[in-house]
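Numbering-wise (my numbering), the sequence shown opens with residue 67 and increments by one.
The C-beta atom is built at its ideal place from N, Cα and C for all residues, glycine as well.
These numbers come from a predicted model, not from an experiment.
Reviewing the structure listed below.
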Amino acid sequence: MRRPAIFVIDMLNDCFGHTELQRVRPSLCSSINALTAMARANGHPVIWVRQEFEPDLSDAMLDMKSKNIHMFIKGTAGPLILDELDRADADLEVVKKRFSMFFQTGLDALLRQLGTDQVILAGVNTHACIRMAAI
């Protein structure tokens, strides 16, 4: 029997400054809300993955440091999950510091604890963060 977990990756305020993403934001959020509701109704864990860095970028990626890119900064609205997404108290959250949600997050141990043998990915930044989660 499959034991999937649903991962919602980078549905964050700072990710939606781009005009194209703003255009699809309502339908994307609606689809993710439907997916997560269905997962919860079937007893599958929902895990929200977000990125967050210190204001001084001490824990940020090298490219962010060298270009002085201040996105996903702790204490701002940037790294927070979009308000229109429905979250439940039983949902889990992973904070990552790199494109991969597995890099130094303890996620592998969590998946083993949950008995997860299948992942379902949703979110944005498919060229980077979702791709790194899939491979």
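Measuring only the C-alpha atoms, how far is residue i from residue j?
i: Ile72; j: Phe119; result: 24 Å
i: Leu94; j: Ser132; result: 32 Å
i: Gln179; j: Phe168; result: 15 Å
i: Thr192; j: Ala199; result: 9 Å
i: Met127; j: Arg197; result: 17 Å
i: Ile139; j: His84; result: 18 Å
i: Gly172; j: Asp122; result: 24 Å
i: His110; j: Pro145; result: 25 Å
i: Met104; j: Ile98; result: 10 Å
i: Asp157; j: Ile113; result: 6 Å
i: Ile201; j: Cys81; result: 22 Å
i: Ala143; j: Gln88; result: 16 Å
Pull the bridge partners of residue i from the DSSP assignment, please.
i: Lys162; result: Gln117
i: Leu187; result: Phe73
Assuming residue i contacts residue j (C-beta within less than 8 Å), just tell me the rounded distance between them.
i: Asp183; j: Arg91; result: Not quite, the Cβ-Cβ distance comes to about 32 Å (not below 8 Å), so this is no contact.
Tell me the start and end of each unbroken alpha helix (DSSP H) in the region 75-107 that is at least 4 residues and wholly inside, in chain order.
-> 85-107
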